[in-house]
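Student: Using the numbering used here, read the first sequence as starting at 2 and increasing by one per residue. By construction, the Cβ of each residue, glycine as well, lies at the ideal position given by its N, Cα and C atoms.
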Amino acid sequence: MTVPPSAYAESVLDLVELIPPGRVMSYGMIAEYLRDRTGRGSARTVGTVMARYGGGVPWHRVVSSVGRLPPGHEDAARGRLEAEGVPFRGRNVDLAAAQWWPDA
DNA sequence: GGGGTGACCCAGT
DNA sequence: TACTGGGCCACCC
């Protein structure tokens, strides 16, 4: 935390913290939501932000659009998600069942 | 001010 | 089913 996250990065982290246990959001969904709220961002940018500042939020609740887990952290993410009751489909998260969207 | 770097996404092969 | 190429955009040097 020697370096505070940028304004956009904070928006991403703030949203990720709202994701309830047992649910997940995809990078693309986060990007779309923040695009309405802040007017900027894209799936690619969200991924970059998570790679840099994801350590302070439940990063394991953020997956790709097909339920794929972040490279290099697949085992750690899988363990935490299973502990929260997130349904899996083979190696990936079952998005159809675990996908979440903020009410407001 | 210009260019490179990604924990991405989609469509086509 | 798995791989490739092009588009995408904030951040860092």
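When you compare the CB positions of Trp101 and Met26, do they come within less than 7 angstroms of one another, or not?
Tutor: In this structure, Met26 lies closer than 7 angstroms to Trp101 by Cβ.
Student: Whole angstroms is fine: what's the gap from Arg53's alpha carbon to His74's?
Tutor: The straight-line gap from Cα to Cα measures roughly 14 angstroms.
Student: How should Arg62 be labelled, buried or exposed, when 16 other C-beta atoms within 10 angstroms of its C-beta is the threshold for buried?
Tutor: Buried, since its Cβ has 16 or more Cβ neighbours within 10 Å.
Student: Along the chain, where does the alpha helix (DSSP H) containing Arg81 start, and where does it finish?
Tutor: Run containing Arg81: Glu75 to Glu85, per the alpha helix (DSSP H) assignment.
Student: Taking only three categories from DSSP, how would you classify Val13?
Tutor: The answer is helix: DSSP assigns Val13 an H, G or I state.
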